[in-house]
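Read through the structure below, which is laid out as structure tokens, and then see the notes.
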Amino acid sequence: MTSAFEELKESKEHLTVLLSDGGVPHNFQETYTEIIDQYFRMSLQESETAHALFKAKTPFAVIAVGGYGRKELCLYSDIDIQIVFGPKIPSSAKQLAEEIFFPLWNLGLDLGYGIRSIKDSIALSRDDFEVLTSVMDARFVGGHSPIYLSLVETLQKKVVSKKAVGLGRWLEDQYKVRIHTFGDASHLLEPNLKEGIGTLRDYHYILWLARAFFNLRAPRDLEYMGILSHNEYKTLCDHLALIWLVRNQLHQLSGRKNDRMAFEYQEEIAKRLGFKDQKDLLAVENFLGGVHVSMASIKSLYQSFITSHISRWRGIKKDVDKKDTVAGLHLSQGELNVNSGTTVLSNPFLLIQVFEQSSRLDCHLSMEAKRLIREFLFLVDDAFRKSEKMTQCFINIMTMEKTVETLDQMYETGFLEAFIPEFGKIINRVQFDAYHIFPVGRHALETVRHLKRLSKEKDILLIDIFSDLPHPETLFLAGLFHDIGKIGKDHARKGIAITRNILKRFGYDKKRAEDILFLVGHHLFLVETATRRDLNDEKVVIQCARTIGDVERLKMLYLLTWADSKATGPGAWSEWVANLVQELFFKSLHVLIEGELASPRAAHQVRKTQSGVRKLIGGHIDDRDIEGLFEAMSPRYLLETGPHDIVRHHALVGQLKERLKNSQAPVFVFEAREEPRQGCWEVIFLAKDRPGLFSDITGVMALNHINILSAHIYTWREGTAVDIFRVTNPLDPIHPDETWKRIKRDLRNAFTGKLSLDYRLSQKAAPCILPPRKKPSRPPKVVVNNESSDFFSLIEIFADDHVGLLYRITHTLFKLNLDIRIAKIATKADQIADVFYVRDLDGQKLEDSKQIEEITQALIQQLNQR
Amino acid sequence: MKKIEAIIKPFKLDDVKDGLSGLGIKGLTVTEVKGFGRQRGHKEVYRGAEYQVDFVSKIKIEIVMESSLVAEAVKMIQEKARTGQIGDGKIFIVPVEEVVRIRTGETGKEAI
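Heads up: the sequence lines are chains A and S, in that order.
Here our numbering = 1-based position in the first sequence + 213.
Here our numbering = 1-based position in the second sequence + 9.
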């Protein structure tokens, strides 16, 4: 005959093999429990000490407690066992324990055992709720059964019945500890299968409370005693079965008692459970989604059980019951109830109204109300979903203070999915990475939660931006829908089409719907631009501002970006990312407020110009090159230059590049064209940009008596200066070409150091014997403006005009190590109003007030010279 | 052996990484860091409240390699991370005494 030990060893090995082969017995826990029970029974028969104890009339009972008592043994669970004696513990008890327990240790099982008298056991249970809950699960395994019965009876009479409310409170505290320590497993991507909220512990709490309050004996009594409905009990059992199955697999894979399902095990478990990869959805994502559904269901059942069956025993405040609600609903025990099924049938509006009221009154739905809603979800049909009354009610809920709690209840009861079927597709969608901690649907709700809490945030900037929004509800809806396209790649774009359908069904305000669609489609735009593009490049910021288009949208997008990242996980919104996004936000905000470069009109103008250019040269250059060309042009240039001129400049840039290839010497392109109608000439000058270039040109012009009326200087991306001047007619109108030739020669000489502009111009300005004509004169004015641009300091100059003035100004700026990137030169009669966009040679704005003062004074001195 | 530590602009990471793997460098460590140098932080004002940003977000990459590769790697980082503007970052080169691969116990060149 095989010994108890050998039989145990063999049976356990067999069971373990079944587990790894996937041929898991339907109920592993019960089978395993049975094997252990069998061992104890056999070893009691084999034990001579046991026989002696019975003969000596000191009988005992072997009692399973804790998880073993509940028949829930997983592969590496602790086996909690007690040997209980009647009045007193004989000295040979220790030997008995050694005989029957030692072999288990040899097998590597974790054994928790105690040898107690009934009295000790009761006393311990009275003092410690943890012991109490363990003993409440006691189950007779072997030995003398009257001892077991006596223990159970005494425990019920002396402890459980008296401590029910205390136990309720203790479990309530423990629940909070669990939230804090293990979190809500139903939306964590590495959930704890035993202690997390929504897991086995929730079920244990239900059992213990039902034992204490309703004298429940076996789990099945939950249904038989009417605590749970047939469906609820059946669903609960199914969900528990899945979690146990997963837990056993996890134990086996980790090779120890491990209840935290870390990423490393999930793929293998999914495979063993037969999940397969599908289009756009990995097996492991599908698997984890299923586990979350089970956990959410258990969590929801636990909460309903507490509010419906337990809260009343603790004497909850009933003030709330006095509040008014709408017809068909009533308050009781601080919960919202639906009067009856027939009221719902005759008035389906109640199905959504009950949520609106729950939100308004800040009280949860009763278990019965949730039951009724689930049962009547079939009433939520297309007509219901389209009805203005219903959608208005939903929008109202979005604007209430308790939106998130209400959305949670809508989600639990399946109403959210029924009302917005598009949302159902993402509710339990899991992304298998370490970055997202919530499945998509939960993530969307979390995003709304963060948006809702904005006004209570510590960061004043967030509060200020939020309080500026005229219609925060737009933002909340965008938060709810932002990831609704996450059923595959390119989810932001997919989300637009899906959200458009929903909002159309809602009959939602068109303008605000457009805002929501924009936010959904661009919810990653700020983060991506901030982390992947050069924020010191004005063009990047201007394009960002143009894409966003207006200040309201930018503000909402910033808040959505923040909330979305916060709801993604702790890694997504670090101070590091926050800094970058905030920088982009402010820079774009300034561009949008300034208006000039990113107004809708400007964006329209640029689009028009671009399509004009495409029409003109589309045949000769391929599309990608044209786009590259636009990419290289500065945003101001594109805004201020017409398509014909752009094409002409493009050709000139081509010429310049040719010349650069063939020559080591400084090369440039110079073209002058008469504009007879305006009585002036247009001069185009191109060269490789360098500090001082602009100053040289103005010097040569002055030397040749050409007065510059206006100038636009631009720098294309690869460092080509494109300068466009409007100048007065040459002094010799009959032979203008002579003048231009001379200018070109002087430019060449100035660039190669063969001509000193300073010297020549001072010669030129030598006092004339004719007295200067008296003119009214105003003192010059120089203003350094740091507010208008995040990228440049603007130096604004107002002064009387005279030949050579522009050279002096630009030369002074050059000598002060300032790089002129943009200049707008305008002359009205004999007054100039010039603006220079400058940076220092490091590319920074002028921040030092001493330096600014120095520059101002240097310029004024130059302007005062004649 | 040397360790190269480079502070670069965040948006240049991909370029630098691609450039380095083109040189056959197989591993590098990337850290999100904050700091300041000649590129100063900045101050923003929104509705009267001031938001001072003292530190600029940057990326730090660290690579350990044989000394013979250093010159080429530095050149590559410099080329790829350069915008010509302030805040392009810095490259530090420090000697490394020893490397041990934890799994196998290999040391020196083999362990890089």
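Beta carbons: idealized from backbone N, C-alpha and C, even for Gly.
Checking contacts by CB at 9 Å: is residue i closer than that to chain A?
| i | result |
| --- | --- |
| valine 62 of chain S | yes |
| proline 104 of chain S | no |
| alanine 58 of chain S | yes |
| phenylalanine 20 of chain S | yes |
| serine 76 of chain S | no |
| threonine 113 of chain S | no |
| isoleucine 13 of chain S | no |
| threonine 38 of chain S | no |
| glutamine 87 of chain S | no |
| arginine 47 of chain S | yes |
List the whole-angstrom C-beta distance separating residue i from residue j, where the pair is believed to meet the contact cut-off of C-beta under 8 Å.
| i | j | result |
| --- | --- | --- |
| isoleucine 276 of chain A | tyrosine 326 of chain A | The pair is not a contact, with the Cβ atoms about 11 Å apart (cut-off 8 Å). |
| glycine 692 of chain A | glycine 734 of chain A | Not really, about 14 Å apart at Cβ, beyond 8 Å. |
| isoleucine 639 of chain A | glycine 654 of chain A | 5 Å |
| phenylalanine 881 of chain A | leucine 960 of chain A | 7 Å |
| leucine 688 of chain A | leucine 773 of chain A | 6 Å |
| isoleucine 729 of chain A | leucine 767 of chain A | Their Cβ separation, rounded to whole angstroms, is 15 Å, which puts isoleucine 729 of chain A and leucine 767 of chain A out of contact at 8 Å. |
Could you check the C-alpha separation between residue i and residue j for me, to the nearest Å?
| i | j | result |
| --- | --- | --- |
| methionine 10 of chain S | valine 819 of chain A | 53 Å |
| leucine 1076 of chain A | lysine 52 of chain S | 33 Å |
| leucine 974 of chain A | alanine 1042 of chain A | 23 Å |
| leucine 288 of chain A | lysine 470 of chain A | 8 Å |
| aspartate 672 of chain A | alanine 58 of chain S | 11 Å |
| valine 866 of chain A | glutamate 75 of chain S | 45 Å |
| glutamate 219 of chain A | proline 316 of chain A | 10 Å |
| valine 996 of chain A | glutamine 795 of chain A | 29 Å |
| isoleucine 248 of chain A | glutamate 312 of chain A | 18 Å |
| leucine 549 of chain A | alanine 398 of chain A | 27 Å |
| serine 801 of chain A | serine 990 of chain A | 41 Å |
| lysine 407 of chain A | valine 804 of chain A | 54 Å |
| isoleucine 1022 of chain A | histidine 863 of chain A | 30 Å |
| glutamine 465 of chain A | histidine 227 of chain A | 14 Å |
| threonine 1025 of chain A | alanine 15 of chain S | 37 Å |
| alanine 924 of chain A | aspartate 677 of chain A | 41 Å |
| lysine 21 of chain S | threonine 854 of chain A | 31 Å |
| leucine 324 of chain A | glycine 439 of chain A | 36 Å |
| phenylalanine 843 of chain A | leucine 851 of chain A | 8 Å |
Strictly under 9 Å for the Cβ-Cβ distance: is residue i near chain S by that measure?
| i | result |
| --- | --- |
| leucine 793 of chain A | yes |
| tryptophan 789 of chain A | yes |
| aspartate 1055 of chain A | yes |
| phenylalanine 799 of chain A | yes |
| leucine 466 of chain A | no |
| isoleucine 412 of chain A | Per the sequence presented here, residue 412 of chain A reads as threonine, with isoleucine not at that position. Chain S contact via Cβ: absent. |
| glutamate 796 of chain A | yes |
| leucine 1059 of chain A | no |
| isoleucine 1081 of chain A | As shown, chain A starts at 214 and ends at 1079. That puts residue 1081 of chain A outside it, with no answer to give. |
| isoleucine 633 of chain A | no |
| threonine 190 of chain A | Absent from the structure is residue 190 of chain A, since the part of chain A shown begins at 214 and ends at 1079. |
Name the two residues that bound the continuous beta strand (DSSP E) containing residue i.
| i | result |
| --- | --- |
| methionine 349 of chain A | That residue, methionine 349 of chain A, is in no beta strand (DSSP E); its alpha helix (DSSP H) goes 342–349. |
| glutamate 71 of chain S | 65–74 |
| proline 104 of chain S | 99–104 |
| serine 330 of chain A | 324–330 |
| lysine 11 of chain S | 11–17 |
| asparagine 998 of chain A | 994–998 |
| alanine 120 of chain S | Run containing alanine 120 of chain S: none; DSSP gives neither H nor E here. |
Check for me: the alpha helix (DSSP H) holding residue i runs from which residue to which?
| i | result |
| --- | --- |
| proline 949 of chain A | 949–964 |
| asparagine 444 of chain A | 443–467 |
| aspartate 23 of chain S | 22–31 |
| histidine 925 of chain A | Run containing histidine 925 of chain A: none in the alpha helix (DSSP H); it sits in the beta strand (DSSP E), 921–928. |
| glycine 1131 of chain A | There is simply no residue 1131 of chain A to check, as chain A begins at 214 and stops at 1079 in what is shown. |
Shorter than 9 Å from the beta carbon of residue i to some beta carbon of chain D?
| i | result |
| --- | --- |
| isoleucine 95 of chain S | The structure shown contains no chain D; its protein chains are A and S. |
Checklist line | Secondary structure, beta strand (DSSP E): runs of 3+ residues fully inside the region 870–903 of chain A | finding: Listed in chain order, the complete beta strand (DSSP E) runs (minimum 3 residues) inside the region 870–903 of chain A are 881–888 and 893–901.
Margin query: Threshold first: 3 residues or longer. Then list the beta strand (DSSP E) segments lying entirely within the region 272–317 of chain A, N to C.
Written below: Counting whole runs of 3 or more residues, the region 272–317 of chain A contains the beta strand (DSSP E) stretches 273–277 and 292–298.
Item checked: Segments of 3+ residues assigned as beta strand (DSSP E) that fall wholly inside the region 598–633 of chain A -> The qualifying runs do not exist here; there are none.
Checklist line | Start-end ranges of the alpha helix (DSSP H) lying completely within the region 475–563 of chain A, minimum 4 residues | finding: Segments of the alpha helix (DSSP H) lying fully in the region 475–563 of chain A: 476–485, 496–518 and 554–559.
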